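Trainee: Here our numbering is used: the first residue of the sequence shown is 210, the next is one more, and so on. Backbone N, C-alpha and C fix where the C-beta goes; we use that ideal spot for every residue, glycine too. In this text the structure is predicted, and so the values were computed from the model without any measurement. Below is a structure I'd like to ask you about.
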Amino acid sequence: MDSRLNAFLERADAVLARIEPLLPAPRQTIDWTQCLAARWQREGRSGFLLPLQVSLDTRLSDLIGVDRQLEQLGRNTRQFLDGMPANHALLWGSRGTGKSSLVRALLSEHAKSGLRLIEIERDHLADLPRVVEQIAKLPQRFVLFCDDLSFESGEGDYRVLKSVLDGSLEQAPDNVLLYATSNRRHLVPEKESDNENWKRVDGELHPSEAVEDKIALSDRFGLWLSFYPFTQEHFLNVVEHWIGQLADKAGLEWQRDEELDILAVRWATGRGNRNGRCAYQFARYWVGLKLLEHKA
């Protein structure tokens with residue numbers, strides 16, 4: 210009998226050893242006193258919060274030329290942290306102009322005051338009620354962050370999202386806000402055909418139902434912040450800032466001059482972008498090049 214039991218246990222151990230790598234890793238409860246950010250991870254019909262190791266290197270002082278946007282979102286965030294009424298925010302505009310960086314810089318600024326960040330993808334926004342349920346009674350203040358919230362032409366799930374946002378945001382506890390970024394103000398493409406059915410009533414122009422339906426999604430956000438393409442002067446000022454930051458860390462002495470400005474403008478022209486991301490990339494290129502020259 211013992212030999213048969215031992216054989217069975219050995220076979221069971223062998224089966225478990227083969228199955229164990231296929232099983233999901235056990236999930237630990239997040240310690241929000243230590244963890245500053247997490248990502249909602251979809252798993253089957255449900256999901257879980259995956260803790261993230263985040264860098265707090267991005268500071269508000271690194272955001273050049275977006276003072277108005279910084280002031281408004283910063284004030285909204287301070288209201289939120291102080292338990293005062295605050296609005297869900299939509300940051301829209303040109304790519305690479307600091308929308309996502311501003312949200313992450315606010316985390317760096319206010320993490321010690323209890324601000325936490327939860328990233329959630331557009332396709333997972335239907336899970337908002339589940340996310341909110343997990344953090345509703347915690348003492349920290351949570352910004353749910355959806356980067357690049359937009360819909361392509363023909364996608365109809367924005368209507369589903371509208372109803373989810375209505376239910377989730379209106380009933381959300383006071384320790385939850387939603388910040389989203391998008392390249393589009395109205396999140397959904399507007400076609401020329403949408404404007405064909407505008408009506409004039411008593412001298413006033415009324416939009417068609419198609420336009421009203423698409424604009425309604427953006428209306429779920431009480432605060433709209435616009436980010437515009439950089440002027441050349443703005444771009445060069447951002448280049449100067451990032452070269453200064455990188456050069457100081459590397460102990461490199463440098464001075465801004467006309468030749469540097471020309472190189473930076475050529476760099477941006479070659480990429481068809483004149484924004485903060487491009488300025489940072491040029492700064493890394495230029496500082497690395499100068500360090501190589503000094504090494505040689």
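1. Please classify Gln278 as buried or exposed, where buried requires at least 16 other C-beta atoms within 10 Å of its C-beta.
2. Is it buried or exposed for Glu328, if we count other Cβ within 10 angstroms and need 16 for buried?
3. Taking the alpha helix (DSSP H) that Trp249 belongs to, which residues open and close that run?
4. Classify Leu337: buried if its beta carbon has 16 or more other beta carbons within 10 angstroms, exposed otherwise.
5. Do you know offhand how far Leu472's Cα is from Ser310's?
6. So who's on the other strand from Trp301, going by DSSP bridges?
7. Helix, strand or coil: which one does DSSP assign to Ile537?
8. Starting from Ser317, follow the alpha helix (DSSP H) in both directions and report where the run begins and ends.
9. On the CB-based measure, 16 or more other CB atoms within 10 Å of its CB, does His503 come out buried or exposed?
10. Evaluate Thr440 with the Cβ neighbour count: other Cβ atoms within 10 Å of its Cβ, from every protein chain shown; 16 or more gives buried, anything less gives exposed.
11. Might you give, ordered along the chain, the residues of its own chain that have their beta carbon closer than 7 Å to the beta carbon of Arg284, omitting 5 neighbours on each side?
12. Look at the alpha carbon of Asp383 and the alpha carbon of Pro260, and state the distance between them as a whole number of angstroms.
13. So, with DSSP's three-state summary, where would you put Val263?
14. Hey, out of Tyr388, Leu290, Gly497 and Phe257, whose CA is closest to Gln237's CA?
15. How big is the Cα-Cα spacing for Lys308 and Gln281?
16. In terms of alpha-carbon separation, which member of Ala335, Lys321, Arg331 and Arg313 lies closest to Val352?
Mentor: Taking the definition as stated:
1. buried
2. Burial call: buried.
3. No alpha helix (DSSP H) holds Trp249; the beta strand (DSSP E) holding it covers Ala246 to Glu252.
4. Burial call: buried.
5. The straight-line gap from Cα to Cα measures roughly 25 Å.
6. Ser391 and Ser435
7. With the chain covering only 210 through 505, there is no way to say anything about residue 537.
8. Lys308 to His319
9. Flag for His503 reads exposed.
10. exposed
11. Hits under 7 Å: none found.
12. Linking Asp383 to Pro260 through their CA atoms gives a straight-line distance of about 22 Å.
13. coil
14. Phe257
15. Each residue's CA atom was taken as its position, placing Lys308 and Gln281 some 13 Å apart.
16. Arg313
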